[in-house]
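Chemist:
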Amino acid sequence: MTRPKQILLVTGMSGAGKSTVLRTLEDLGWEVADNLPLLLLDSLLDTAPAAGAQGDDRPLALGIGARTRGFDAESIVRRIKNLREEHGHDIGTLYLDCSGVELDRRYSETRRRHPLAQDRPAGDGIARERELLAPLRRWANRLIDTTALSANELAQQIRHSFSGDGLGEPTLSVMSFGFARGVPPNADLMFDMRFLRNPHWVDSLRPGTGRDADVSAYIADDPAYADALARIEDLLLLLLPRYRAEGKSYVTIAFGCTGGRHRSVHVAERVAARLRDDGFSPTVTHRDLQTAPQDSLEGSPAAR
Numbered sequence: 012m013t014r015p016k017q018i019l020l021v022t023g024m025s026g027a028g029k030s031t032v033l034r035t036l037e038d039l040g041w042e043v044a045d046n047l048p049l050l051l052l053d054s055l056l057d058t059a060p061a062a063g064a065q066g067d068d069r070p071l072a073l074g075i076g077a078r079t080r081g082f083d084a085e086s087i088v089r090r091i092k093n094l095r096e097e098h099g100h101d102i103g104t105l106y107l108d109c110s111g112v113e114l115d116r117r118y119s120e121t122r123r124r125h126p127l128a129q130d131r132p133a134g135d136g137i138a139r140e141r142e143l144l145a146p147l148r149r150w151a152n153r154l155i156d157t158t159a160l161s162a163n164e165l166a167q168q169i170r171h172s173f174s175g176d177g178l179g180e181p182t183l184s185v186m187s188f189g190f191a192r193g194v195p196p197n198a199d200l201m202f203d204m205r206f207l208r209n210p211h212w213v214d215s216l217r218p219g220t221g222r223d224a225d226v227s228a229y230i231a232d233d234p235a236y237a238d239a240l241a242r243i244e245d246l247l248l249l250l251l252p253r254y255r256a257e258g259k260s261y262v263t264i265a266f267g268c269t270g271g272r273h274r275s276v277h278v279a280e281r282v283a284a285r286l287r288d289d290g291f292s293p294t295v296t297h298r299d300l301q302t303a304p305q306d307s308l309e310g311s312p313a314a315r
């Protein structure tokens, strides 16, 4: 038979976005099967397509989780190793993680019951599922933490990572955030931009964001700005080709300031533009751009 060029097992915490990922892959032309009984996995991979069937070599995505019939994480890991080593399948594992607090919020918002806690609080099911899936999380060669991602943002990452044009290239994301709301858990490289002067303390600039020209000009006028940004950009241009050569699938670069509305937003936009000029294709997200200001936590320059 003609084997799929690529096989991807999509797994992770219930509520972390598996359905979104599978729908997006299907839109990209992948063949998709969700909750396939694991006893049928070998049969699926060994069955020749019908004569004239479309997409004999289409990439194949298989959704599996704790609800899948015959689920045993250790057994799945052994089967993946066997499919790779004994049968030569190009098979990867994408694990979707999410914080317990966020998963609890999502279940409460949708009023759905957790599949492993039908008659108990969702938190009990979340804890049990995390324990059951631990071997798969350790084994996965790609992990996405969806705690801070909307469904649209997750779909965008999947499209960029698995579309035909992006295969073989690491998915590159540049983001801004505010330290007041915690650091992004999935950042590979993180830069603290709180050393730059803060537009929050200028009355005319406070309502704006790092996307506004007057705010950007104020930040760029900091005496340390030009040298710091040049060094950061040079470091990234050194590291990113090495990540690519090492086969790293996903790189997230995060810039933080106190509130996540001014300095970090400006720097994320500037660095992303520089990376595009050098042939990269980053996506840009601003996690805290629409949130209430938190810069008073930093204290005004006069107070310091």
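Numbers in the working numbering are just positions in the sequence shown, counted from 1, shifted up by 11. Backbone N, C-alpha and C define an ideal beta-carbon position, used for all residues, glycine too.
1) Mark residue 123 as exposed unless 16 or more other C-beta atoms lie within 10 angstroms of its C-beta, in which case mark it buried.
2) Do you know offhand how far residue 28's Cα is from residue 162's?
3) For the stretch 261 to 272 and the stretch 189 to 201, state whether three or more C-beta atom pairs, one from each stretch, are separated by less than 8 Å.
4) Using a Cβ distance threshold of 8 Å, determine whether the stretch 268 to 287 contacts the stretch 182 to 193, with at least three qualifying pairs required.
5) So, with DSSP's three-state summary, where would you put residue 288?
6) On the DSSP bridge list, what partners appear for residue 188?
7) Beta-carbon within less than 6 Å of residue 101's beta-carbon, same chain only, minus the 5 sequence neighbours each way: which residues are those?
8) Which stretch, first to last residue, makes up the beta strand (DSSP E) that contains residue 219?
9) Could you name the residues that DSSP lists as bridge partners for residue 104?
10) With DSSP collapsed to three states, give me the class of residue 31.
11) Which residue marks the beginning of the alpha helix (DSSP H) containing residue 243, and which one marks its end?
12) State the DSSP-derived secondary structure class of residue 115, mapped to helix, strand or coil.
13) When the Cβ atoms of the stretch 146 to 155 are set against those of the stretch 80 to 88, are three or more pairs found closer than 8 Å?
14) Quick check: residue 75 and residue 22, are their CB atoms within less than 7 Å of each other?
15) What residue range is occupied by the uninterrupted beta strand (DSSP E) comprising residue 74?
16) With distance defined between alpha-carbon atoms, name the residue in 135, 20, 144 and 250 nearest to residue 77.
17) Which of the three DSSP states, helix, strand or coil, is assigned to residue 124?
18) So what does DSSP say about residue 82, is it helix, strand or coil?
19) Which first and last residues belong to the alpha helix (DSSP H) in which residue 165 is found?
20) Let's see if you can read the secondary structure: which residues bound the alpha helix (DSSP H) around residue 140?
Modeler: Walking through what the data contain:
1) exposed
2) 7 Å
3) yes
4) yes
5) helix
6) 267
7) 17
8) Unbroken run through residue 219: none, as it is neither H nor E.
9) 20
10) helix
11) 236 to 256
12) helix
13) yes
14) yes
15) 71 to 74
16) 144
17) coil
18) coil
19) 162 to 173
20) 133 to 150
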